[in-house]
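What the sequence shown shows, in the numbering used here, is residues 370 to 487, in sequence order.
Each residue gets a CB set at the ideal place from its N, CA and C atoms; glycine is no exception.
These figures come from a predicted structure and were not determined experimentally.
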Amino acid sequence: GVYRQDALPEGAMAPTPQQEALSGWAAAGLELGSRRPERIDVLPLRREIIGRIIGRGGSVIKDIRERSGARVDARDQTEDPVQVLISGTNDAVEMAKALLMDAAEGAAGGPDKRDSVE
Numbered sequence: 370g371v372y373r374q375d376a377l378p379e380g381a382m383a384p385t386p387q388q389e390a391l392s393g394w395a396a397a398g399l400e401l402g403s404r405r406p407e408r409i410d411v412l413p414l415r416r417e418i419i420g421r422i423i424g425r426g427g428s429v430i431k432d433i434r435e436r437s438g439a440r441v442d443a444r445d446q447t448e449d450p451v452q453v454l455i456s457g458t459n460d461a462v463e464m465a466k467a468l469l470m471d472a473a474e475g476a477a478g479g480p481d482k483r484d485s486v487e
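Here it is as structure tokens:
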């Protein structure tokens, strides 16, 4: 059982920590491949409300993705505000931003409005 680089099939390298920690920005480009989105916007949202934007089990952000057709990525939550990446067609990006702002306003409205984000 000696590890030999030449014994691995081509392309079977383990990802480096840097590759595993690929940001949402780069991942958006990689996952879309040659189909570049018409538009990529960044919406800064306060970190304290991101949990409610994402929702229980990702339910709110999933709903926003499905309703708008845009790709919405809030993976990097280390900064405040969190830079939410939104990409897709112009219409999809506009709709996703509106839905995100509605969810953010509901989240900022206090605990009694928390469950009314729809």
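| said: According to DSSP, is G457 part of a helix, a strand, or is it coil? | reply: The residue you call residue 457 lines up with position 88 of the sequence shown. G457 falls in the strand class under three-state DSSP.
| message | So, at 8 Å on beta carbons, what are the nonlocal neighbours of S392 in its own chain, with the 5 sequence-adjacent residues on each side left out? | response | Mapped onto the sequence shown, residue 392 falls at position 23. Reliability fails at S392, whose pLDDT of 45 lies under 50, so the model's placement of it is uncertain and no value is given.
| said: Which residue marks the beginning of the alpha helix (DSSP H) containing R416, and which one marks its end? | reply: Residue 416 sits at position 47 when you count from the first residue of the sequence shown. Run containing R416: 416-423, per the alpha helix (DSSP H) assignment.
| said: Spatial neighbours of P413 within its chain, please: C-beta separation below 8 Å, excluding the five flanking residues on both sides. | reply: As a first step, residue 413 must be located in the sequence shown, where it is residue number 44. Hits under 8 Å: P450, V451, Q452, V453.
| field | Buried/exposed call for D442, threshold 16 Cβ in 10 Å | value | Mapped onto the sequence shown, residue 442 falls at position 73. Looking at its Cβ environment, which holds 16 or more other Cβ atoms inside 10 Å, D442 is buried.
| request: Taking R436 as part of the alpha helix (DSSP H), name the residues at either end of that continuous run. | output: Counted from its first residue, the sequence shown places residue 436 at position 67. According to the DSSP assignment, R436 belongs to the alpha helix (DSSP H) that extends over 428-437.
| Distance between beta carbons of A476 and I433, contact taken as under 8 Å | Translated into positions along the sequence shown, residue 433 becomes position 64. Translated into positions along the sequence shown, residue 476 becomes position 107. Not a contact, Cβ separation roughly 13 Å.
| query | Does the distance from the CB of L468 to the CB of R436 come in under 8 Å? | reply | Taking the sequence shown and counting its residues from 1, one reaches residue 468 at position 99. Taking the sequence shown and counting its residues from 1, one reaches residue 436 at position 67. Yes, Cβ-Cβ distance for L468 and R436 is below 8 Å.
| field | Element boundaries [beta strand (DSSP E), containing D442] | value | Here residue 442 corresponds to residue number 73 of the sequence shown, with the count starting at 1. It spans 440-442 - the beta strand (DSSP E) in which D442 sits, taken as one unbroken run.
| field | the ligand MG heavy atom lying under 7 Å from the CB of R434 | value | Looking for the ligand MG in the displayed structure turns up nothing, as the structure carries no ligands at all.
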